[in-house]
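Student: Reading the sequence shown from the start, the letters are residues 9 to 318 in the working numbering.
From the three backbone atoms N, C-alpha and C, an ideal C-beta is built for every residue, glycine too.
One structure, as structure tokens, below. Some questions next.
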Amino acid sequence: VQERSRTERVLEGQKKFETAVSDAEVLFEFAETDKDSANELYDLIVNLETEVDVATTEALMSGETDVNNAICSIQSGAGGTDAQDWAQMLLRMYLRWAERKGFKVEILDEQTGSEAGIKSATFRVEGEYAYGLLSAEAGVHRLVRISPFNSGGSRETSFASMFVSPEIDENIEVEINDKDLRIDTYRSTGAGGQHVNTTDSAVRITHLPTNIVVTCQNQRSQLQNRVVAMKVLRSKLYELELEKRLADSAELEATKQDISFGSQIRNYVLHPYQLVKDTRTKFEKSDVEAVLDGDIDEFIKEFLLFKKGV
9 VQERSRTERV
19 LEGQKKFETA
29 VSDAEVLFEF
39 AETDKDSANE
49 LYDLIVNLET
59 EVDVATTEAL
69 MSGETDVNNA
79 ICSIQSGAGG
89 TDAQDWAQML
99 LRMYLRWAER
109 KGFKVEILDE
119 QTGSEAGIKS
129 ATFRVEGEYA
139 YGLLSAEAGV
149 HRLVRISPFN
159 SGGSRETSFA
169 SMFVSPEIDE
179 NIEVEINDKD
189 LRIDTYRSTG
199 AGGQHVNTTD
209 SAVRITHLPT
219 NIVVTCQNQR
229 SQLQNRVVAM
239 KVLRSKLYEL
249 ELEKRLADSA
259 ELEATKQDIS
269 FGSQIRNYVL
279 HPYQLVKDTR
289 TKFEKSDVEA
299 VLDGDIDEFI
309 KEFLLFKKGV
């Protein structure tokens with residue numbers, strides 16, 4: 009079904025492109041003498057550029073699971089309260105990006121920081137190519153700024169990591185033995201909301217052979233939390249198997265490094281100057297505020313080109 013949908017989308021895009029080119033040719037004939045035609049031609053060209061850019065980006069994603077939904081986890085690293093605040097800033101960046109793309113996001117688990125921010129968060133992004141796009145974001149993100157939590161106004165460096173797995177369809181077999189699982193229940197500890205209650209409805213599942221731990225607390229019941237947690241575990245185990253197969257591939261090294269200095273895939277500098285720079289592709293933007301508001305498509309595309317060796 010997914011493959012058919014993808015093919016139909018490609019054919020529909022091709023038809024729209026051909027129609028737009030034909031319309032542009034007609035408008036071009038009148039643009040020199042008719043202002044309305046000139047304005048319409050300009051808008052058409054801008055829309056065409058956007059659609060071509062999207063199609064080009066999608067063409068760079070040919071992996072088996074690139075078209076899938078994504079399961080993402082953000083973990084605060086070195087930097088204490090600043091790092092936890094940074095983790096929350098990253099979460100907001102990806103939520104804003106997903107909103108811009110028209111993707112649906114569901115927060116599966118969120119552990120709040122002791123003073124500010126979050127210690128960790130797991131969220132699901134639903135949309136075509138969500139995994140293929142967000143896989144470019146996997147790794148350690150480094151922030152340099154004047155700390156809002158330090159009365160001395162010192163410059164602080166904080167780290168947070170982003171882990172991304174494809175959401176696996178039920179027809180993809182991932183073997184999980186019940187005896188390999190330790191399942192704990194506990195009281196929800198998130199920031200609140202209509203489904204967070206005072207019963208032991210939150211679920212933590214530990215896969216003993218790999219020591220992978222997944223949690224879910226935002227569903228209505230313990231059973232629903234367990235179902236979602238198992239889905240996240242399947243995705244993480246599938247991703248782990250892919251990593252094993254590609255252990256010698258440099259493109260996966262970022263997800264295996266410590267959340268500390270020297271391992272980052274991208275630097276976000278707010279002081280003494282403003283710049284966001286990807287350490288892999290060397291692509292950079294000076295509008296840090298826009299990037300933190302979800303404007304990361306160019307970084308994603310540059311990484312996909314880099315990965316393809318283009």
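For Phe-38, collect the residues of the same chain with a Cβ closer than 6 Å to its Cβ; drop the 5 residues on either side in sequence, then sort them by chain order.
Tutor: Excluding residues within five positions, the ones whose Cβ falls inside 6 Å are Ser-45.
Student: For Gly-200 and Gly-110, what's the separation of their Cα atoms in angstroms?
Tutor: Annotation note: pLDDT 46 at Gly-200 (below 50); position unreliable, coordinate value reported separately. For Gly-200 and Gly-110, the distance between alpha carbons rounds to 25 Å.
Student: Is Arg-150 closer than 7 Å to Asn-275 when the C-beta atoms are compared?
Tutor: Against a cut-off of 7 Å, the Cβ pair of Arg-150 and Asn-275 comes out as a contact.
Student: Terminal residues of the continuous beta strand (DSSP E) containing Tyr-194?
Tutor: Residues 189-194.
Student: Terminal residues of the continuous beta strand (DSSP E) containing Thr-223?
Tutor: Taken as a continuous stretch (DSSP letters only), the beta strand (DSSP E) holding Thr-223 covers 220-224.
Student: Quick check on this structure: which residue in Glu-20, Asp-31, Ala-144, Val-60 has the alpha carbon closest to the alpha carbon of Asp-286?
Tutor: The candidate whose alpha carbon is nearest that of Asp-286 is Ala-144.
Student: Sorted by chain position, which residues of the same chain lie with C-beta nearer than 7 Å to Val-133's C-beta, five sequence neighbours on each side aside?
Tutor: Asn-77, Ala-78, Cys-80, Ala-106, Phe-111, Val-113, Leu-142.
Student: Rounded C-beta distance between Ala-28 and Gln-83? I'm assuming under 8 Å.
Tutor: So it is not a contact: roughly 43 Å between Cβ atoms.
Student: Here's a check: name, in chain order, each residue in its chain whose Cβ is nearer than 6 Å to the Cβ of Val-284, leaving out the five neighbours to either side.
Tutor: Here the set comprises Tyr-276, Lys-293, Val-296, Val-299.
Student: Please report the distance separating the alpha-carbon of Ile-220 from that of Phe-25.
Tutor: So the two alpha carbons sit approximately 45 Å from each other.
Student: Per DSSP, which residues does Met-170 bridge with? Please list them.
Tutor: Per DSSP, Ile-82, Gly-147.
Student: Would DSSP call Phe-111 helix, strand or coil?
Tutor: If DSSP states are grouped into helix, strand and coil, Phe-111 belongs with coil.
Student: Sorted by chain position, which residues of the same chain lie with C-beta nearer than 8 Å to Arg-190's C-beta, five sequence neighbours on each side aside?
Tutor: Ile-213, Thr-214, Leu-216, listed in sequence order.
Student: Mapping DSSP to helix, strand and coil, what is Val-211?
Tutor: Three-state DSSP puts Val-211 in a strand.
Student: Output the boundary residues of the beta strand (DSSP E) element that contains Ser-128.
Tutor: Here the beta strand (DSSP E) through Ser-128 covers 126-134.
Student: Looking at the strands, I want to know which residues DSSP matches up with Val-152.
Tutor: Val-152 pairs with Thr-165, Val-277.
Student: Let's see if you can read the secondary structure: which residues bound the beta strand (DSSP E) around Val-284?
Tutor: Its beta strand (DSSP E) spans residues 283-286.
Student: How long is the line joining the alpha carbons of Ala-91 and Glu-33, rounded to whole angstroms?
Tutor: Straight-line Cα distance between these residues: approximately 53 Å.
Student: Provide the residue span of the alpha helix (DSSP H) that contains Thr-64, from first to last.
Tutor: Thr-64 -> alpha helix (DSSP H) spans 43-67.
Student: DSSP three-state call for Gln-232: helix, strand or coil?
Tutor: Gln-232: helix per DSSP, three-state reduction.
Student: For Thr-120, which residues does DSSP report across the bridge?
Tutor: Bridge partners of Thr-120: Ile-126.
Student: Terminal residues of the continuous alpha helix (DSSP H) containing Tyr-139?
Tutor: Here the alpha helix (DSSP H) through Tyr-139 covers 138-142.
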